[in-house]
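Residues 49 to 606 (this note's numbering) make up the sequence shown, in order. Where a beta carbon is used, it is the ideal one built from N, C-alpha and C, also for glycine. Shown next, in structure tokens, is the structure this report addresses.
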Amino acid sequence: MFLDFMSEVEGILKEGLDRCGLSVSLENSLDLSPHADLSTTIAFRLSPVLRRSPKDIAADIYNSMGSPSRWVDRAEIVGPYINFYMSRSFLDHVVVEAQGEDAWMGRMSGSVIVEHTSANPDGPLHVGHIRNSVIGDTIVRILRRAGYSVEAQYYVNDMGRQTAMVVWGCDHLDLDDSKPDHAIARVYIAAHRIMNERPELSAEVDELMRRYESRDPETVEKFQRAAKYAISGIESTLHRMNIHHDSYKWESEFVWDGSVDEILEMLERTGRTVLKDGALQLDLSKEGFEKSLVLRRADGTTLYTTRDLAYHKWKAENYGRVVEVLGADHKLVSAQLRTALRILGIKEPEVVIFEFVSLPDGSMSTRRGKFISADELLDEVEKQAYLEVTKRRPEMDDNFRREVAGKVAVGAVRYDIVRVSADKATMFDWKAALDFEKLSAPFIQYSHARACSILKKAGDLDDFDPGLLIDDYEIALIKKIAEFDLVIDRAARELKPHQLATYARELAERFNLFYRYDPVLDAKPEELRNARLGLVRASRNALSATLETLGIEALESM
């Protein structure tokens, strides 16, 4: 839809540039504008090169452009800007296209692997983890919507000290019958407390790590049983949030299949490795890092980063795009890892770094046992959502209210997390997240449910004439629907899922303004009623596709 309009604008602009003898890329030179459907700033980019004013350059390009085309009604020059406007035929085309399913899929292609969540198997997810999960899953959905073949992967850190502590704890303490990840957390916390009281026992954990890396069968069985048990609990939390992984990759695989040894050999051949106190390290001082990257301990065991390098090599060899979502506390290690990959000539991942989400209650530390688990957060939000749904729909039975409350709660958490740009810290406020009247997930879900209700009351929709949709609220809504593919395209390229969250809010706003000021079921004559019903169906489809891509249930009644 919108990308078709943009493509025609680019063609018109390119013709003007060619006639002016200017060869320049139009990338990042077209954008939405409050004064037009598209506006170009190309004259500003050319000004320092040509040493002429942007206004004069824009005038030359404008005067050299061809005539408007099928989707472009007209172009206007305003100082240094050239503005473009959609044609009536384009607006009609949008409404018709939006009646079906094909309008909501992009044209990109290729394979992508997105690694997200990958929490240590030592306890339940907390709020910090679920920002990773929500951002990661939404990126997966955006990339799929854009047309990519996407593998969502969880990387299991089964060789770290945390997992060894869990194994030691399971050997010496009893697991209770609570949810698996919570039971594992209690064992881990208790084991950590014992180690603090009796430091000499830490040697037993070191020995477990050595045995696991050397693939001792009994130790392997213990580690993998404990890790899988913890992950089963983590997985159930993720599924509750409508988050699913396609595969799990264990870091031990890269040790046992020789990949880590291969990476170490490749790094040693660079001449950049040094031995310091018996440990093998990669010198990155030329790249501005004060600390070397430790690759292998003095006792011969490898570190997480070494195994991570082997993992990244595998990903680079098997996928067109490699995406990973990491917390801000991984910035330094991630930068070192990408530098090491660059030295080796291996494709670097696209890394989405997120700042942390907090709650008014404060610290969330697995080690000290002071954290708010994702399960507790979801339970509390669902309880509040139930009260809100009951207040609004007291006539409905309890099963309906509980089902809707569960889906509203998940939507509220997901939307509130993803609506903020990943690089900004945020605080989750369940009251704001559940506000049906303000611009939250329930507001967007309710807009979809309202569209469904209108269509259900209307019954079968006959053929309609989209050309009858001419008032400001109708046109504004059509144009917002058209933007769906543009938003998906940009979010997929830039890996910024908050752009889709912003679009969802704006789309719901435009639909509600249209519904408030333009009667639908009571519209006269019948031809106008049908046209507006066509616009309602287009809006429902756009809202449904948007919510689904955000991982939020598009409810038909609430």
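Cβ separation of residue i and residue j, assumed to be a contact under 8 angstroms, to the nearest whole Å
{"i": "V405", "j": "R179", "result": "5 angstroms"}
{"i": "E372", "j": "A497", "result": "36 angstroms between Cβ atoms; not a contact."}
{"i": "A194", "j": "G148", "result": "Not a contact, Cβ separation roughly 18 angstroms."}
{"i": "A540", "j": "L80", "result": "The Cβ separation is near 17 angstroms, so there is no contact."}
{"i": "T349", "j": "E261", "result": "5 angstroms"}
{"i": "V175", "j": "M213", "result": "The pair is not a contact, with the Cβ atoms about 23 angstroms apart (cut-off 8 angstroms)."}
{"i": "D185", "j": "I291", "result": "4 angstroms"}
{"i": "F271", "j": "T211", "result": "6 angstroms"}
{"i": "Y565", "j": "Y494", "result": "That belief does not hold up - the Cβ atoms of Y565 and Y494 are roughly 18 angstroms apart, past 8 angstroms."}
{"i": "L407", "j": "H360", "result": "At roughly 33 angstroms, the Cβ-Cβ gap does not stay under 8 angstroms, so L407 and H360 are not in contact."}
{"i": "V160", "j": "V198", "result": "5 angstroms"}
{"i": "W627", "j": "E424", "result": "This structure leaves residue 627 out entirely; the chain is present only between 49 and 606."}
{"i": "T267", "j": "L249", "result": "Rounded, the Cβ-Cβ distance is 17 angstroms, inconsistent with contact."}
{"i": "I187", "j": "L543", "result": "6 angstroms"}
Beta-carbon proximity of residue i to residue j, cut-off 7 angstroms
{"i": "V143", "j": "I526", "result": "yes"}
{"i": "A579", "j": "F532", "result": "no"}
{"i": "V568", "j": "I518", "result": "no"}
{"i": "V535", "j": "A470", "result": "no"}
{"i": "V162", "j": "A200", "result": "yes"}
{"i": "V458", "j": "M606", "result": "no"}
{"i": "W119", "j": "F92", "result": "no"}
{"i": "A453", "j": "T285", "result": "no"}
{"i": "A480", "j": "I529", "result": "no"}
{"i": "A233", "j": "G217", "result": "no"}
{"i": "G368", "j": "G158", "result": "yes"}
{"i": "R263", "j": "W304", "result": "yes"}
{"i": "D229", "j": "G281", "result": "yes"}
{"i": "A506", "j": "R588", "result": "no"}
{"i": "Y196", "j": "M156", "result": "yes"}
Residue from the options whose Cα sits closest to the Cα of residue i
{"i": "I237", "options": "P172, I518, Y563 and F559", "result": "P172"}
{"i": "T474", "options": "F402, A499, D520 and E542", "result": "F402"}
{"i": "E436", "options": "I420, L425, N447 and V456", "result": "V456"}
{"i": "K379", "options": "P169, E248 and E398", "result": "E398"}
{"i": "T354", "options": "G348, L343 and H360", "result": "L343"}
{"i": "S135", "options": "D537, G582, I523 and S592", "result": "I523"}
{"i": "A346", "options": "Y563, L323, A358 and E338", "result": "L323"}
{"i": "L576", "options": "R440, D305, D520 and G515", "result": "G515"}
{"i": "E299", "options": "L357, M314 and T438", "result": "L357"}
{"i": "S30", "options": "M54, T594 and E269", "result": "Because the chain here runs from 49 to 606, residue 30 falls outside it and cannot be looked at."}
{"i": "G69", "options": "L98, H83 and P82", "result": "L98"}
{"i": "E451", "options": "Y434, R467 and K439", "result": "Y434"}
{"i": "R67", "options": "I105, H177, F512 and I420", "result": "I105"}
{"i": "D510", "options": "Y563, F562, E542 and E574", "result": "E574"}
{"i": "D513", "options": "L581, L312 and Q432", "result": "L581"}
{"i": "Y551", "options": "Y196, L583, S592 and S250", "result": "S592"}
{"i": "V584", "options": "P102, F562 and A602", "result": "F562"}
{"i": "A151", "options": "E313, L51 and F559", "result": "L51"}
{"i": "A602", "options": "D570, K339, A489 and L543", "result": "A489"}
{"i": "G127", "options": "E145, S115, D445 and K103", "result": "K103"}
{"i": "Q384", "options": "K572, S295, S340 and I420", "result": "S340"}
{"i": "I12", "options": "Y352, H141, M444 and D508", "result": "Any question about residue 12 goes unanswered here, given that the chain covers just 49 to 606."}
{"i": "A231", "options": "I279, V188 and R209", "result": "I279"}
{"i": "H636", "options": "M49, M314, F448 and P265", "result": "The shown model of the chain, from 49 to 606, leaves out residue 636, and the question about it has no answer."}
{"i": "F476", "options": "L426, R209 and T438", "result": "L426"}
CB contact below 7 angstroms: residue i versus chain B
{"i": "A212", "result": "Annotation note: the requested chain B is absent from the structure, which comprises a single protein chain."}
Report yes or no: do the stretch 212-224 and the stretch 329-342 share at least 3 C-beta pairs separated by less than 8 angstroms?
no
For the stretch 591-604 against the stretch 443-463, are there 3 or more C-beta pairs whose distance is under 8 angstroms?
yes
Between the stretch 549-561 and the stretch 70-83, can you find at least three pairs of beta-carbon atoms closer than 8 angstroms?
no
Report the start-end ranges of each alpha helix (DSSP H) in the stretch 324-370 that is 4 residues or longer and not cut off at the edges.
352-366
Minimum length 4: unbroken alpha helix (DSSP H) runs contained in the stretch 174-229:
175-194 and 209-220
Touching or not, the stretch 390-402 and the stretch 357-364, by the rule of three or more beta carbon pairs under 8 angstroms?
yes
Would you call the stretch 538-549 in contact with the stretch 56-67, where contact means no fewer than 3 C-beta pairs closer than 8 angstroms?
no
Stretch pair the stretch 483-491 + the stretch 99-112: three plus CB contacts closer than 8 angstroms:
no
Can you list the beta strand (DSSP E) stretches of 3 or more residues lying completely in the stretch 82-110, in chain order?
84-88
With contact counted as at least three CB pairs below 8 angstroms, one residue from each stretch, are the stretch 260-277 and the stretch 202-218 in contact?
yes
Run through the stretch 252-310 for me and flag every whole alpha helix (DSSP H) of 4 or more residues, listed as ranges in chain order.
265-288 and 300-304
Report yes or no: do the stretch 124-136 and the stretch 86-94 share at least 3 C-beta pairs separated by less than 8 angstroms?
yes
At 4 residues or longer, what runs of the alpha helix (DSSP H) sit wholly inside the stretch 114-150?
136-145
4-residue-minimum alpha helix (DSSP H) runs that sit fully inside the stretch 412-482, ordered along the chain:
422-440, 446-466 and 478-481
Quick check for students: name the residue ranges of the alpha helix (DSSP H) that lie wholly in the stretch 520-556, counting only runs of 4 or more.
520-530 and 532-542
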